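What follows is one structure encoded as structure tokens, with my remarks underneath.
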Amino acid sequence: MNIGPEATVDYQSLVLNYARSADQDAAAPAHHPVVVVGAGPVGLTAAVDLAQQGVPVLLLDDDDRLSTGSRAICFAKRTLEIWDRLGCGQRMVDKGVTWNQGKVIFREDPVYSFNLLPEAGHHRPAFINLQQYYVEGFLLEHALTLPNLEIRWKNRVEALEAEADGVTLHIATPEGSYDLRCDWLVAADGSRSPIRKAMGLESKGQTFRDRFLIADVRMEADFPSERWFWFDPPFHPNQSVLLHRQPDGVWRIDFQLGWDADPVAERQPERVIPRVQALLGKDTRFELEWVSVYSFSCLRMERFRHGRVLFAGDSAHGVSPFGARGANGGVQDAENLAWKLRLVVEGRAPESLLDSYDIERAFAADENIRHSTRSTDFITPKNEASRAFRDATLELARDCGFARRLVNSGRLSVPSIYRDSALNTPDGGNDSFAGALVPGAPAADAPVRDGDGEGWFLSKLGTGQFIGLYFSDGSEMNPVRLETLRGLTAGSLPVRLVLVEPQGLRPGRTDGLPVLEDAEGLLAQRYDARPGTFYLLRPDHHVCARWRHFDQDQLRQALARATGHA
1 MNIGPEATVD YQSLVLNYAR SADQDAAAPA HHPVVVVGAG PVGLTAAVDL AQQGVPVLLL
61 DDDDRLSTGS RAICFAKRTL EIWDRLGCGQ RMVDKGVTWN QGKVIFREDP VYSFNLLPEA
121 GHHRPAFINL QQYYVEGFLL EHALTLPNLE IRWKNRVEAL EAEADGVTLH IATPEGSYDL
181 RCDWLVAADG SRSPIRKAMG LESKGQTFRD RFLIADVRME ADFPSERWFW FDPPFHPNQS
241 VLLHRQPDGV WRIDFQLGWD ADPVAERQPE RVIPRVQALL GKDTRFELEW VSVYSFSCLR
301 MERFRHGRVL FAGDSAHGVS PFGARGANGG VQDAENLAWK LRLVVEGRAP ESLLDSYDIE
361 RAFAADENIR HSTRSTDFIT PKNEASRAFR DATLELARDC GFARRLVNSG RLSVPSIYRD
421 SALNTPDGGN DSFAGALVPG APAADAPVRD GDGEGWFLSK LGTGQFIGLY FSDGSEMNPV
481 RLETLRGLTA GSLPVRLVLV EPQGLRPGRT DGLPVLEDAE GLLAQRYDAR PGTFYLLRPD
541 HHVCARWRHF DQDQLRQALA RATGHA
């Protein structure tokens, strides 16, 4: 398998060969600390994140190919920041189509445009469009560089026994079956999750009585890199259509079909081509690259943690595709889980810390399901009264700002804020802050400078550690205070301190500590910081505590709380 950043790879024809492992010849089931099942975007992200934090990981997949067709294509700013932390975000952005803007069209006329990232000073765009097979390929190539991450293809989990101290897996391969044991099992095996089924578990929710056609079309077109959504267009009356640009001259077109559409017949070229021609014009030359018909549900498991088995991504929850919340939510599952599982594996946190994965990501899943359900109800009204309301809203939205807030062509993915997480330390009564970076919120990016030149704040934070973010006034600090900050630990957990100094004061000293210049003053603005302000960030770069004045005892208490010891 010759793949890598310098290789030219046709990811759709790539075969990932099965290879016999030593575990298959072992006299007793081999033991692994963590097994991840499913080599899609979620499973690969989880495996890479764990491995880069020093946890030995075995990744199993029942197939020998990457995903077929474009599938998930819209990847959000927060997801790109996660992949940046893992070291493969730049490849995604370089290959992907960057976009921040969208347009809503009712019948023949544009209603309004929107910008999902209206302010400057962010490293990553609101979204990129990138076929899922590229995402999987880039993650896989990165995974293959990690010595403590093993991947086995054509290894299918047929059954399992989950016990109090671990999980026994029964695995089928082209050369027969074998067993192995693991301390922890991460099930990222998709919406039809064989592991969920083997454990007698299920996802519950709402299935929508509608069908959509995906047509990936390769063509030359001068459409801008925007998200276009039509309601009731003349070329597809009484239905909706969505258009997105992808790399390689490929365009994603989604046509609403209605529940009565025959999913087999509608995939045939003689049905698809006239629909595409109606949108593009009969003289437009194009090729069909991939076609699929789908229906969808909004559902989730009641719990994402079942003892030593942890469910992530589509195996744990599913949403309609409007809003790009499925894959993005799953990648954020993986990040939330990885640092917590690493601390538990290392014995630095109690197993109960993993209950916070279930609570936080179930909250996020409910949020995504709620938004996706509302989007689906607006896009596919269920009766004439709902349609009349929707159409009147679209008419008003041309001129009225309040009506635009009611238009729902898919509330696009944003990260969840774990406001009520038990891992947060609430603001003290004397520590009032303004702005969005409350405990539970993901950290905000901004331009910075250091000894290496200009860069971005989030890229300076590293991976796998708690971060202490101290806003200095740039003056010489008290040597005792500096020594205290340099040696920050709480129990056995080190805290990596990052000093931020004001705009215009280029850092001239480090004292062994990372020092960043707030290059445009945006860090202080976004964190509502003044000299002495201190933030504690989790390893997944969510805020878990903040104070106007640093106190080491308060830090220890906050860290204990954030690691499940409180």
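With the first letter of the sequence shown counted as 1, position 88 gets the number 88 in full-length UniProt numbering; the numbers rise by one all the way through. For glycine and all other residues, C-beta sits at the position ideal for the given N, C-alpha and C. None of the values given here were measured: they were computed from a predicted structure.
Minimum Cβ-Cβ distance from residue i to chain C less than 8 angstroms
| i | result |
| --- | --- |
| L116 | In the structure shown, chain C does not exist; there is a single protein chain. |
Member of the options whose CA lies at the smallest distance from the CA of residue i
| i | options | result |
| --- | --- | --- |
| V515 | E454, R546, R561, Q525 | E454 |
| G38 | Q24, R196, D179, V272 | R196 |
| D540 | A529, F114, E520, A562 | A562 |
| W251 | D109, K77, L279, V495 | L279 |
| D25 | K460, D179, R245 | D179 |
| A422 | H32, I359, G429 | I359 |
| P426 | D254, T8, L559 | L559 |
| P237 | R245, I369, D355, F106 | F106 |
| G323 | D49, R124, R374 | R374 |
| R211 | S295, W83, G330 | S295 |
| D232 | W290, A388, Y418 | A388 |
| A327 | D23, L242, Y133 | Y133 |
| V57 | H31, A434, S191, R192 | H31 |
| A434 | Y418, F208, D528 | D528 |
| V104 | G504, L353, L406 | L406 |
| H43 | S315, G307, G462, R361 | As written in the sequence, residue 43 is Gly, which differs from the His given in the question. Here the closest residue by C-alpha is S315. |
| W290 | A164, Q268, V495, F304 | Q268 |
Length of the line joining the Cα atoms of residue i and residue j
| i | j | result |
| --- | --- | --- |
| T357 | V543 | One point to set straight first is that residue 357 is Tyr, not Thr, in the sequence displayed. Rounded to the nearest angstrom, the two C-alpha atoms are 16 angstroms apart. |
| L213 | Y11 | 23 angstroms |
| N424 | P439 | 6 angstroms |
| D189 | V35 | 12 angstroms |
| N100 | C182 | 43 angstroms |
| V319 | F229 | 19 angstroms |
| Q206 | T376 | 11 angstroms |
| I128 | A28 | 47 angstroms |
| I151 | R78 | 26 angstroms |
| T8 | L14 | 11 angstroms |
| V217 | Q246 | 10 angstroms |
| F311 | A187 | 5 angstroms |
| D248 | F457 | 32 angstroms |
| N336 | N430 | 30 angstroms |
| M199 | S416 | 29 angstroms |
| N383 | R526 | 44 angstroms |
| L66 | N17 | 12 angstroms |
| R300 | G313 | 10 angstroms |
| P147 | S193 | 28 angstroms |
| W83 | A47 | 12 angstroms |
Buried or exposed (CB count within 10 angstroms, at least 16 for buried), residue i
| i | result |
| --- | --- |
| A566 | exposed |
| C400 | exposed |
| Q332 | buried |
| K340 | buried |
| A364 | buried |
| N368 | buried |
| R91 | buried |
| A72 | buried |
| V480 | Because the pLDDT at V480 is just 43, under 50, the model does not fix this residue reliably, and the value given afterwards should be weighed accordingly. Its Cβ having fewer than 16 others within 10 Å, V480 is exposed. |
| R20 | exposed |
| G89 | buried |
For residue i, three-class secondary structure by DSSP
| i | result |
| --- | --- |
| Q277 | helix |
| T463 | coil |
| P234 | coil |
| G468 | strand |
| L537 | strand |
| K282 | coil |
| N129 | strand |
| R325 | coil |
| E220 | coil |
| G166 | strand |
| N494 | Residue identity differs from the one stated: residue 494 is Pro in this sequence, not Asn. Strand. |
| residue 573 | What is shown of the chain runs 1 to 566, which leaves residue 573 out entirely. |
| S297 | strand |
| E158 | strand |
| S240 | strand |
| R71 | coil |
| A187 | strand |
| P269 | helix |
Three CB pairs or more closer than 8 angstroms across the region 48 to 63 and the region 146 to 163: Yes, they touch.
For the structure I just gave you, are there three or more beta carbon pairs, one from the region 460 to 469 and one from the region 120 to 140, closer than 8 angstroms? No, because fewer than three Cβ pairs between the region 460 to 469 and the region 120 to 140 fall closer than 8 angstroms, the two stretches do not touch.
Contact between the region 442 to 460 and the region 545 to 560 (3+ Cβ pairs under 8 angstroms): No, the region 442 to 460 is not in contact with the region 545 to 560.
Segment contact, 8 angstroms Cβ cut-off, at least three pairs: the region 284 to 292 with the region 261 to 275: A contact exists between the region 284 to 292 and the region 261 to 275.
With a cut-off of 8 angstroms, do at least 3 Cβ pairs link the region 409 to 416 to the region 525 to 537? Note that the region 409 to 416 does not touch the region 525 to 537; fewer than 3 beta-carbon pairs, one per stretch, sit closer than 8 angstroms.
Can at least three beta-carbon pairs, one atom from the region 109 to 125 and one from the region 90 to 100, be found at a separation below 8 angstroms? Three or more beta-carbon pairs drawn from the region 109 to 125 and the region 90 to 100 are found closer than 8 angstroms, and the two stretches are therefore classed as touching.
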